[in-house]
Amino acid sequence: MRPRIDLDEDVVRRNARRWREHAGVPVWAVVKADGYGWGAARLMRALQDDVDGFFLADADEARRVRGFSRRPIALLAEAPIDQTATLLDDGVIPNVASLDSLVAAAGWAKRRRYPARIRVGIVPAAGWSGLLDDAIDPFARAAAALPVEIQLWTHLTAPELWVSQTEHFESARRRFEAAGARVTGVDVAGSLAAAARPRSLDSLVRIGIGLFGAFRDDLECAVRIEAPVTAVLRSDAVPSAGYRLPERVSKPWLAIVRSGYSDGLSLRLAGTNNIVSIGMQYAVLARNEPERVGQTLRLLDASSNLCMFLENTGISPHEFIVGLRHTEAERL
Ligand SMILES: *Cc1c(COP(=O)(O)O)cnc(C)c1O
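My numbering runs 524 ahead of the 1-based position in the sequence shown.
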């Protein structure tokens with residue numbers, strides 16, 4: 525017996541559309557790490573009509589999924605230089621972070637007699653693949669002389685760093701333009717920064733965890749967890765609830781459900797959301813009414829707020845979503 529842990533693709537699509545309205549610019553879905561553990565190909569098929577493109581981490585990830593979408597695919601991190609031309613041939617927009625890789629992209633463009641679309645990150649970019657400050661001017665000057673069109677980007681990380689990261693990025697952008705490089709677009713935000721900056725001035729936003737419902741109250745949670753009840757007890761009748769003392773239990777009933785670490789639920793959820801304790805395969809929930817053995821309880825569904833569910837646990841929505849052992853995985 526296991527809990528049902530599923531992804532609702534309709535919710536993912538609705539969330540994508542809400543991001544589009546919120547940002548006012550194209551939404552590109554980040555489906556790295558095999559779609560945050562839920563299948564990159566599956567998310568790409570589901571989101572085909574609701575996003576404008578897809579980001580994968582690297583060339584290996586992009587190669588696996590290229591056939592699954594007509595939409596453009598771009599890379600977040602730098603690919604090996606000898607793969608630059610193949611990526612461009614496959615219609616993948618490479619992330620170019622070194623002069624050698626820039627030259628490889630320009631070589632492709634010259635053979636094709638067509639400018640190469642590339643992304644150039646300014647640190648902090650994915651995997652620290654972006655240009656450091658002293659690399660910006662030489663890179664911009666080299667790019668100005670080559671047939672490349674540049675989508676310049678960075679990654680706004682923690683909110684307390686956004687002001688300095690934005691200033692640094694704007695300075696890099698001015699230096700690219702002053703050098704005469706062709707900057708055709710800019711993007712700086714993942715879900716967290718995009719949530720805080722409605723009507724973005726960027727050319728696109730890169731949304732990953734936000735598709736699952738994180739960071740905005742008007743989104744739905746795309747993951748559903750339904751756990752079967754295996755036992756029901758009066759909370760005052762048990763000397764302890766798993767590893768927790770009973771005085772912590774504020775409700776008259778306890779429902780024992782089949783759901784635990786082995787399903788990807790962390791111990792850090794205990795003490796929140798009426799979860800009294802969690803073990804390998806069972807969790808103890810505090811309830812106002814006695815449940816029936818055999819019925820299922822929803823720990824999470826579309827009406828849940830993913831960030832509220834994880835509040836005070838120290839678990840990031842990324843860590844939570846990628847760590848769940850969903851039901852489909854077992855069927856494969
Ligand atoms: C993973 C990643 C994203 C997506 O982040 P979310 O917080 O999941 O939206 C965006 N940009 C970059 C560079 C990333 O590495």
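Don't be surprised by glycine CBs; every beta carbon is placed ideally from N, CA and C. Predicted model, so just to flag it, every value in this text is computed and none were measured.
A straight-line Cα-Cα distance of about 18 Å links D576 and E585. Cβ-Cβ separation between P527 and R782: approximately 6 Å, consistent with a contact (criterion under 8 Å).
In the structure shown, I845 adopts helical secondary structure according to DSSP, grouped into three states. Looking at the DSSP output, I597 shares a beta bridge with F578, V616. In this structure, the beta-carbon distance from V756 to A779 falls below 7 Å. L685 carries a helical assignment under DSSP once its states are collapsed to helix, strand and coil.
Excluding the 5 residues flanking it on each side, I799 has same chain C-beta neighbours closer than 7 Å at L793, A807, L809, in chain order. Between the alpha carbons of S622 and R595 lies a distance of about 26 Å. The segment 692-709 makes contact with the segment 672-679: 3 or more CB pairs, one atom from each, lie closer than 8 Å. Exclusion of the five residues before and after F693 leaves I646, T678, V712 as the residues of its chain whose Cβ lies within less than 7 Å of its Cβ. In terms of Cα proximity to W552, the closest of V620, A666, I733 is I733.
Less than 7 Å divides the Cβ of V535 from the Cβ of A826. Here L725 is exposed: its Cβ has fewer than 16 other Cβ atoms, across all protein chains shown, within 10 Å.
Excluding five sequence positions before and after S774, the CB atoms of its chain that fall closer than 7 Å to its own CB belong to A810, given in chain order. Within the chosen limit of 6 Å, ligand 1 does not reach the beta carbon of G563 with any heavy atom. The chain-ordered list of residues whose CB is nearer than 7 Å to some heavy atom of ligand 1 reads V554, K556, F579, L600, A649, A650, H679, G714, S715, L716, R730, I731, G732, I733, G734, H842.
The C-beta distance from L848 to V747 rounds to 7 Å, short enough to fall under 8 Å. Taking all protein chains in view, the Cβ of P618 is crowded by 16 or more other Cβ atoms within 10 Å, so the residue is classified as buried.
Under the DSSP definition of a beta bridge, W677 partners with G645, D711. Under the three-state reduction of DSSP output, I839 falls in the coil class, being neither helix nor strand. In this structure, A738 keeps its C-beta atom at 7 Å or more from the C-beta atom of S759.
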